[in-house]
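Line by line, the protein sequences give chains D and P.
Using this note's numbering, read the first sequence as starting at 1 and increasing by one per residue.
Using this note's numbering, read the second sequence as starting at 1001 and increasing by one per residue.
Beta carbons: idealized from backbone N, C-alpha and C, even for Gly.
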Amino acid sequence: MAHEGIREGSYLSAEPGRGWLSSWLLTTDHKRIGILYLCSILLFFSVGVIFSFLMRLELISTGPTIMAADTYNSFFTLHGVIMLFLFLIPVVPAVFGNFLLPIMIGARDVAFPRINLLSWYFYMAGAALAMATLIIGPADTGWTFYAPYSLRTGSSASLAVFAVFVLGLSSILTGINFVTTVHRLRAPGMTWFRLPLFVWALYATAWIFIIATPILGVNLLLVIAERLFGIGVFDPARGGDPILYQHLFWIYSHPAVYIMVLPAMGAISEIVPVFARRVIFGYKAIAYSSIGIAAVGSLVWGHHMFVSGFSYTAAVYFSLFTFFVAIPSAIKVYNWVGSLYTVQGLDSYGHPVLLRAGFHISFFHRRPVRAHPRRAIGQCPPARHLLCRGPLPLHKVRGGGLRFFRGPPLLVPEDIGQNVQQEGSQLGASSARGYSWPRFLP
Amino acid sequence: MNGTTGAHSHRDYTGSKIGMWLFLFTEFFLFFGPILLYTIFRFRYPQAFIEASRALDTGVGVFNTVLLLTSSLTMALAITAMQKNKKGLTLILLGATVSAGAVFLVNKYFEWGAKISHGIYPGGEALAGNADGGAIFYGLYFFATGLHGIHVLAGMVIIIVAALMVHEGKINSKDFVKLENSGLYWHLVDVIWIYLFPIFYLIR
Chain D
1 MAHEGIREGS YLSAEPGRGW LSSWLLTTDH KRIGILYLCS ILLFFSVGVI
51 FSFLMRLELI STGPTIMAAD TYNSFFTLHG VIMLFLFLIP VVPAVFGNFL
101 LPIMIGARDV AFPRINLLSW YFYMAGAALA MATLIIGPAD TGWTFYAPYS
151 LRTGSSASLA VFAVFVLGLS SILTGINFVT TVHRLRAPGM TWFRLPLFVW
201 ALYATAWIFI IATPILGVNL LLVIAERLFG IGVFDPARGG DPILYQHLFW
251 IYSHPAVYIM VLPAMGAISE IVPVFARRVI FGYKAIAYSS IGIAAVGSLV
301 WGHHMFVSGF SYTAAVYFSL FTFFVAIPSA IKVYNWVGSL YTVQGLDSYG
351 HPVLLRAGFH ISFFHRRPVR AHPRRAIGQC PPARHLLCRG PLPLHKVRGG
401 GLRFFRGPPL LVPEDIGQNV QQEGSQLGAS SARGYSWPRF LP
Chain P
1001 MNGTTGAHSH RDYTGSKIGM WLFLFTEFFL FFGPILLYTI FRFRYPQAFI
1051 EASRALDTGV GVFNTVLLLT SSLTMALAIT AMQKNKKGLT LILLGATVSA
1101 GAVFLVNKYF EWGAKISHGI YPGGEALAGN ADGGAIFYGL YFFATGLHGI
1151 HVLAGMVIII VAALMVHEGK INSKDFVKLE NSGLYWHLVD VIWIYLFPIF
1201 YLIR
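Structure follows, in structure tokens:
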């Protein structure tokens, strides 16, 4: 790598020969692209939150309160599309991954800086298409676009489906960039087992992007083709089968759960040793468990379909593999606990560790009682009962498990200040907990 | 890759190749969907799939297969010619590759046109009310070959851009990874057809 023209001053100052706006919109600097992602993702996240508040407000009493049923359905759909595809999927990899990955492995930038910028433009294009459905006529299918309803609804489902397809392109480019970067641009001496655990988590996530996203992409193209031409594969009237849509959808969308949680787990693996004041316990086991979660997590999609009707054999298979995902997940948790075991006195724990405890409770202790995916939902019979219970399962793990609001303050570089880290993290923790726990209690 | 600011200019030959291969991997997975559906529906409607397949013109299919295989050869030759710094020969070979792609698409146009004029298309009268698998076969046929056709078109555009870069000297005998990656994309287009051709035309 031959580098020239290293800029003077901060990466936040305008690039030489460019104005303020163009040095943001045309930047190929990974840190600036990370910030572009941060701002745009936060923007769409707030839109998603507004939709969710309006929906909860609507549900405050029976009958129409503030909106008609059609409006509710379209809010429901757009809230899902925004929160899943515009927020949860890209937030940690695209913001913190872009910002930190090259720094953590001692590279100047990602492997393909211009493709990195292109991925942000795909993200914005997908977001714009999703928002355009608001004007043209919102989709009312829910974020899963389940056939056969999505084939027949009169709303502009095709546009929403295409928006998600474009967002998939953005994910794929990020994934390709990260895998190539980790393979090619590690600094001399940065061997695989010296990589920070956050990098391991991002590496596993990037592979999921590459392997799973194209399946969703072609599935969405099939829905569009079905709507435009009626090719028949998902349509029982033409000999097709709507269950196949669900399979192809969850082949992506279950691994997508790990796209959301793996980088968060990677961040925890970085934060715990800092506050435990020791090296992380079981480094290699945690590194391998990231890959393990990505691998086994690709084989369990059927547990989203226990109520859709498939064979007993399939149910047993998917249930069994779902239990297997618990093994690498538990390896991480026990190693975090092991890292904290030697810490003397609660004072040194600090907010971040309490936050991690929040994750722990949310993900592993609290949920088994209610709807833990590894145990209760992993078992076929209870799943049939529990899956009919509103937004709880999805929101507890994804909304509650994703520690977006704890991450940013802690990953802020030292020179900006310890106070930002401590106070910001505490604020993020309490607001995330205070927001997500009460709101999704049934 | 040269960053637009010049701040990120680095050349990593292996890195570029890895990136391209990962991208090709995602393209394979894109076609995995329709091929998986084909497999499932073939098990469900074996007889109807055989009947429907008989209506396809194997001759045109074979011709198109030979055409694409030849174009892959000319593409590979073009890369070797570039490595040996034979610029004129490279451009001729790239032109041959793009022409083969264009002829492929023209054949496809007439093939599709013949089917459509007989009412054999999704929603067409020949398949209307057909729920025994024939409609599915043609649904998948049009979807998979259509998606492949888009890739042929994309490959042609990529090769034309690469040819322009060869002409301007941006791709040369010292720095030809972009031409190689264009070639890889074209081979992908070829390989996908090698899968689509037997499952739709030959297996009866």
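Does the distance from the C-beta atom of residue i to that of residue j stay below 9 Å?
i           : j           : result
Gly-34(D)   : Phe-96(D)   : yes
Ile-136(D)  : Tyr-203(D)  : no
Ile-1159(P) : Val-1098(P) : yes
Leu-1140(P) : Val-218(D)  : no
Gly-1155(P) : Leu-1127(P) : no
Ala-130(D)  : Ala-163(D)  : yes
Trp-207(D)  : Gly-266(D)  : no
Leu-1184(P) : Ala-1162(P) : no
Tyr-1195(P) : Ser-1053(P) : no
Ser-158(D)  : Arg-227(D)  : yes
Gly-1101(P) : Leu-1153(P) : yes
Val-166(D)  : Gly-126(D)  : yes
Pro-1046(P) : Leu-1147(P) : no
Leu-86(D)   : Phe-45(D)   : yes
Leu-1068(P) : Ala-1078(P) : no
Phe-1197(P) : Asn-1107(P) : no
Pro-102(D)  : Thr-205(D)  : no
Gly-106(D)  : Arg-184(D)  : no
Asp-1207(P) : Ser-1117(P) : For residue 1207(P) there is no data in the structure shown, the boundaries of chain P being 1001 and 1204.
Ile-460(D)  : Val-279(D)  : With chain D covering only 1 through 442, there is no way to say anything about residue 460(D).
Assuming the contact rule is C-beta atoms closer than 8 Å, residue i and residue j should be a hit. Round their C-beta distance to whole Å, please.
i           : j           : result
Ile-1150(P) : Gly-239(D)  : Contact doesn't hold; Cβ gap of about 26 Å is too wide.
Phe-99(D)   : His-30(D)   : 7 Å
Ile-1171(P) : Met-1082(P) : 7 Å
Ala-111(D)  : Gly-1133(P) : At roughly 46 Å, the Cβ-Cβ gap does not stay under 8 Å, so Ala-111(D) and Gly-1133(P) are not in contact.
Ile-1120(P) : Ala-1048(P) : With a Cβ gap of about 13 Å, Ile-1120(P) and Ala-1048(P) do not count as contacting.
Leu-169(D)  : Phe-209(D)  : In fact, because the Cβ distance is near 11 Å, the residues do not count as touching under 8 Å.
Gly-230(D)  : Phe-281(D)  : Wrong, their Cβ atoms sit about 57 Å apart, outside the cutoff.
Phe-234(D)  : Ala-147(D)  : 4 Å
Leu-117(D)  : Thr-28(D)   : 5 Å
Val-1060(P) : Glu-1111(P) : 5 Å
Met-104(D)  : Pro-196(D)  : 5 Å
Leu-151(D)  : Val-223(D)  : 7 Å
Phe-193(D)  : Ala-287(D)  : 7 Å
Val-300(D)  : Phe-318(D)  : 6 Å
Val-81(D)   : Ala-160(D)  : 6 Å
Residues of chain P with CB under 7 Å from residue i, in chain order?
i          : result
Phe-229(D) : Pro-1122, Gly-1123
Ile-176(D) : Gly-1019, Leu-1022, Phe-1023
Ala-225(D) : Phe-1143
Leu-21(D)  : None at all; the shortest Cβ gap to chain P is about 15 Å.
Can you list the residues of chain D that residue i reaches, using a CB-CB cut of under 7 Å?
i           : result
Pro-1046(P) : None at all; the shortest Cβ gap to chain D is about 13 Å.
Ala-1135(P) : Gly-232, Arg-238, Gly-239
Asp-1175(P) : Simply none; closest approach about 13 Å.
Phe-1142(P) : Ile-231
Leu-1037(P) : Val-233, Leu-244
Ile-1040(P) : Leu-244
The alpha helix (DSSP H) that contains residue i, what's its start and end?
i           : result
Val-1189(P) : 1177-1197
Thr-1097(P) : 1087-1117
Asp-70(D)   : 69-81
Leu-1164(P) : 1134-1168
His-30(D)   : 30-58
His-254(D)  : 242-276
Arg-192(D)  : At residue 192(D) the sequence reads Trp, which differs from the Arg that was named. It is not in any alpha helix (DSSP H) - Trp-192(D) carries neither H nor E in the DSSP assignment.
Val-325(D)  : 312-340
Arg-114(D)  : 113-136
Tyr-11(D)   : Unbroken run through Tyr-11(D): none, as it is neither H nor E.
Lys-1174(P) : Note, Lys-1174(P): premise wrong, no alpha helix (DSSP H); not H, not E.
Val-223(D)  : 197-229
Leu-1202(P) : It is not in any alpha helix (DSSP H) - Leu-1202(P) carries neither H nor E in the DSSP assignment.
Identify the contact partners of residue i in chain P, using a Cβ-Cβ distance below 8 Å as the criterion.
i          : result
Thr-180(D) : Gly-1015, Ile-1018, Gly-1019, Leu-1022
Ile-172(D) : Phe-1023, Thr-1026
Arg-184(D) : Asp-1012, Thr-1014, Gly-1015, Ile-1018
Ile-479(D) : No information on residue 479(D) is available, as it lies outside the stretch 1 to 442 that chain D covers here.
For residue i, go through chain D and note every residue whose CB falls closer than 9 Å to its CB, in chain order.
i           : result
Phe-1029(P) : Ile-210, Ile-211, Ala-212, Thr-213, Pro-214, Ile-215, Gly-217, Val-218
Gly-1061(P) : Here the premise fails: no neighbours, minimum Cβ distance about 20 Å.
Phe-1032(P) : Pro-214, Ile-215, Val-218
Taking 9 Å as the CB-CB cut-off, is residue i touching chain B?
i          : result
Ala-111(D) : Among the protein chains in the structure shown, which are D and P, there is no chain B.
Please list the partners that residue i has in chain P, where partner means a Cβ-to-Cβ separation under 9 Å.
i          : result
Leu-248(D) : Gly-1033, Leu-1036, Leu-1037
Next on the checklist: At 4 residues or longer, what runs of the alpha helix (DSSP H) sit wholly inside the segment 1029-1096 of chain P?
Outcome noted: Counting whole runs of 4 or more residues, the segment 1029-1096 of chain P contains the alpha helix (DSSP H) stretches 1046-1054, 1058-1083.
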